[in-house]
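*Asks:* Chains as they are written, first to last, in numbering that gives the first Met the number 0: chain A, 0 to 247; chain B, 0 to 229.
I'd like to ask you about the structure that follows.
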Amino acid sequence: MRVEQLYKKNTHSWMVMGRDPDRREEVIDTNQYLIQSNGRGLLLDPGGVENFSVVAAEFSKHFDLANVEAIFASHQDPDVISSLSFWIQANPKLLVYVPKIWVSFITHFGVSLENMRPIPDEGGVITVGGRDLEVVPAHYLHSPGNLSIYDPEAKIFFSGDIGAALLPEDHTDLFVTDFAEHANCMEYFHRRWMPSNTAKARWIAEVRRRDVEMLCPQHGAIFKGDDVGRFLSWFENLDVGSGWSNVR
Amino acid sequence: MNENIYTRNMGEEYDTIFRQCVSLNTELHKLVPLAKQMHLLSSNAVSSAARAGSEGDAFRVLTQDIQLLGDDVSNCIDDTQKIIGEIVLLASNLARLFSSYVTFGEVLSHFEDDESMITSPNFFAKGQKKIAGDLRDNNNQLSRSLGMLINLLSPVSTLVKKGEYLAVCSSVEAASSGEYGVSFEAVSSMLRELVSQLGQQSAKQSSLLRDLSEAMEKQQINMRNLLYAR
């Protein structure tokens with residue numbers, strides 16, 4: 000399991016964890032992110048029941064998880080959030096930010112409404128340790144209720160499944176190194192999982208309005224520097240919602 | 000034995016308990032049509048007695064008892080249906096809680112001999128302790144519910160005996176009732192068949208309940224051992 004610091008300035012930092020070599024073959028690899036700010040923590044898409052023990056143990060080496068005050072779920076998928084009940088068993092006061100339309104679905108993971116902080120369709124702001132993070136709508140990319148997070152201080156954009164790549168097992172680079180090659184690992188996923196070109200265009204416009212140095216997906220490598228723009232252009236030109244028959 | 004062995008034993012035992020509860024649920028649901036047939040039979044018995052007029056007076060007395068028997072069987076079955084749903088839910092909760100308990104154990108195992116941890120192991124130990132408490136509560140509640148189910152089912156053997164007795168009495172009455180004897184004998188024969196099925200179901204359920212109680216006892220021992228091992 001790799002744990003890397005993506006950003007650190009004073010008391011504000013981003014950490015990513017992924018590429019678990021011990022996970023079962025049939026379990027998709029996921030990236031988990033931890034934002035620390037003034038001693039408080041926010042977990043982004045903390046993962047499924049399958050990797051809870053590894054995620055909890057690895058992040059424990061870098062941060063006191065008792066100070067994680069909230070979890071953000073970009074959408075409702077099990078690889079994103081099915082570990083939720085474990086996190087709440089560890090800290091019953093934990094807040095859970097989720098897209099509003101998924102609240103009654105995510106409660107099936109064994110969470111009570113008291114913990115839930117539904118985020119409306121238009122997005123909003125999450126404050127961690129006094130720092131504001133923008134919640135940007137990413138609906139239909141791929142889930143009907145889907146959200147991204149932008150940190151204006153770190154200039155990091157957490158994109159959930161957007162930008163995700165299904166990488167080969169031996170690919171361990173944390174960042175995208177060869178965009179053209181990387182695009183081959185993204186194409187089927189985006190054509191198949193992302194259903195709406197309209198939603199795609201709106202989201203791309205939202206990202207371009209912001210100063211983004213890193214674009215961090217939930218699966219695969221992270222886009223940094225010029226590769227952020229390359230990804231947005233590639234995504235813009237991709238005909239999504241078309242992967243059910245002609246692309247493998 | 001070490002903690003892992005107790006944990007594995009407990010996991011297997013909770014799976015067994017859940018399966019046994021589901022089987023018990025299936026068997027108990029088989030009683031529902033029996034109760035309906037019992038009611039139908041008592042209505043037929045009343046009709047037969049009415050058709051016989053004054054010659055059916057003695058049989059009419061028996062039909063009242065058959066009706067009462069049908070009511071008792073129905074009440075008993077209704078009560079068991081209410082509680083078996085709760086039992087299956089508790090068993091399913093136990094399996095889920097135990098899985099969480101094991102997962103927290105896995106997290107804590109990463110903390111052993113690792114001084115690089117910033118999070119205190121107590122953060123997860125507290126979570127695991129809370130799960131252990133929930134496990135104990137659910138265990139106790141399941142044991143109580145099983146005890147209630149055993150109590151609810153205990154009159155069934157008496158009802159079976161009462162049914163057998165009424166079937167014999169109906170047969171005797173049929174033999175001395177001339178032309179109406181045939182319909183009285185049909186009631187008797189049907190009653191015998193129904194109480195026989197009830198008896199068989201009751202025996203199956205008793206056996207399942209015995210197995211479940213044994214499994215629960217084993218689980219209590221496993222739980223004690225596990226806590227002792229810690």
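Glycine included, each C-beta is placed from N, C-alpha and C at the ideal position.
Bear in mind that the values here come from a model prediction, so they are computed numbers and not experimental data.
Apart from the five residues on each side of it in sequence, which residues of its chain come closer than 6 Å, Cβ to Cβ, to I83/B?
*Replies:* Within the second sequence, the letter at position 84 stands for residue 83/B. Once the five neighbours on either side are set aside, the close Cβ partners of I83/B are N24, L27.
*Asks:* Out of curiosity, what's the CA-to-CA distance linking A200/A and L237/A?
*Replies:* As a first step, residue 200/A must be located in the first sequence, where it is residue number 201. As a first step, residue 237/A must be located in the first sequence, where it is residue number 238. So the alpha carbons of these two residues sit roughly 11 Å apart.
*Asks:* Any heavy atom of the ligand MN closer than 7 Å to the CB of R23/A?
*Replies:* Among the ligands in the structure shown, none appear at all, so the ligand MN cannot be discussed.
*Asks:* Should P194/A and V135/A be called a contact, given that it needs their Cβ atoms to be closer than 8 Å?
*Replies:* Locating residue 194/A in the first sequence gives position 195, where the first residue counts as 1. Locating residue 135/A in the first sequence gives position 136, where the first residue counts as 1. The answer is no: Cβ separation not under 8 Å.
*Asks:* Determine the direct distance from the alpha carbon of N92/B to that of V31/B, and round the result to whole angstroms.
*Replies:* Working through the second sequence from its first residue, we reach residue 31/B at position 32. Working through the second sequence from its first residue, we reach residue 92/B at position 93. Taking the straight line from one Cα to the other gives about 26 Å.
*Asks:* Compare the C-beta of T118/B against all C-beta atoms of chain A and say whether one is closer than 8 Å.
*Replies:* Mapped onto the second sequence, residue 118/B falls at position 119. Taking Cβ atoms only, chain A reaches closer than 8 Å to T118/B, which makes this a yes.
*Asks:* Listing by chain order, which chain B residues have their CB less than 7 Å from the CB of H61/A?
*Replies:* Translated into positions along the first sequence, residue 61/A becomes position 62. Within 7 Å Cβ-Cβ: I117.
*Asks:* Would you check if there are 3 or more beta carbon pairs closer than 8 Å linking the stretch 173–181 of chain B to the stretch 119–136 of chain B?
*Replies:* Too few Cβ pairs lie closer than 8 Å, so no.
*Asks:* Alpha carbon to alpha carbon, how far is Q204/B from Q36/B? Give it in angstroms, no decimals.
*Replies:* For the purposes of this step, residue 36/B is taken as the residue at position 37 of the second sequence. For the purposes of this step, residue 204/B is taken as the residue at position 205 of the second sequence. The alpha-carbon atoms of Q36/B and Q204/B are separated by roughly 20 Å.
*Asks:* So what's Y139/A in DSSP terms, helix, strand or just coil?
*Replies:* The sequence position of residue 139/A within the first sequence is 140, counting from 1. Here Y139/A sits in coil by DSSP.
*Asks:* Would you give the residue range spanned by the beta strand (DSSP E) that V15/A belongs to?
*Replies:* Translated into the one-based positions of the first sequence, residue 15/A becomes position 16. Per DSSP, V15/A belongs to the beta strand (DSSP E) from 11–17.
*Asks:* Check the C-beta distance from V175/A over to A137/A and give it rounded, since I have them as a contact under 8 Å.
*Replies:* Counting from 1 along the first sequence, the entry for residue 175/A is found at position 176. Counting from 1 along the first sequence, the entry for residue 137/A is found at position 138. Going by Cβ atoms, the distance from V175/A to A137/A rounds to 20 Å, so no, they are not a contact pair.
*Asks:* Kindly list the residues whose CB is nearer than 8 Å to the CB of M86/B, restricted to its own chain and excluding five residues on each side of it in sequence; keep chain order.
*Replies:* Within the second sequence, the letter at position 87 stands for residue 86/B. This sequence places Ile at residue 86/B; Met is not what is there. Answer for I86/B: C20, L23, N24, L141, S144, L145, L148, listed in chain order.
*Asks:* I think K34/B touches I76/B, with their Cβ atoms under 8 Å apart; what is that distance to the nearest whole Å?
*Replies:* In the second sequence, counting from the first residue as 1, residue 34/B sits at position 35. In the second sequence, counting from the first residue as 1, residue 76/B sits at position 77. One detail in the question is off: residue 34/B reads as Ala in this sequence, not Lys. Confirmed, about 5 Å.
*Asks:* Between A56/A and chain B, is there a C-beta pair that is closer than 8 Å?
*Replies:* As a working mapping, residue 56/A is identified with position 57 in the first sequence. True, the Cβ-Cβ gap to chain B drops below 8 Å.
*Asks:* The beta strand (DSSP E) that contains P20/A, what's its start and end?
*Replies:* Counting from one through the first sequence, the residue named residue 20/A turns up at place 21. That residue, P20/A, is in no beta strand (DSSP E); it is neither H nor E in DSSP.
*Asks:* So, with DSSP's three-state summary, where would you put K99/A?
*Replies:* If you number the first sequence from 1, residue 99/A lands on position 100. It is helical.
*Asks:* Confirm, please, whether the CB-CB distance from F97/B to Y13/B is below 8 Å.
*Replies:* Within the second sequence, the letter at position 14 stands for residue 13/B. Within the second sequence, the letter at position 98 stands for residue 97/B. It is a contact, given that the beta carbons lie within the stated cut-off.
*Asks:* I need the DSSP call for E212/A, collapsed to helix, strand or coil.
*Replies:* Walking along the first sequence from the start, residue 212/A turns up at place 213. Here E212/A sits in coil by DSSP.
*Asks:* Give the residues from the stretch 87–102 of chain B that approach chain A closer than 9 Å (Cβ to any Cβ), ordered along the chain.
*Replies:* Answer set for the stretch 87–102 of chain B: R95, S98, S99, T102.
*Asks:* Do three or more CB pairs link the stretch 86–106 of chain A to the stretch 161–178 of chain A at distances below 8 Å?
*Replies:* Segments in contact, no.
*Asks:* Please look up how many angstroms separate the CB atoms of S12/A and Q35/A, rounded, as I've assumed it's under 8 Å.
*Replies:* Walking along the first sequence from the start, residue 12/A turns up at place 13. Walking along the first sequence from the start, residue 35/A turns up at place 36. S12/A to Q35/A, Cβ: 5 Å. Contact.
*Asks:* Check whether the Cβ atoms of S99/B and Q88/A sit closer than 8 Å, and answer yes or no.
*Replies:* The sequence position of residue 99/B within the second sequence is 100, counting from 1. The sequence position of residue 88/A within the first sequence is 89, counting from 1. Contact: yes.
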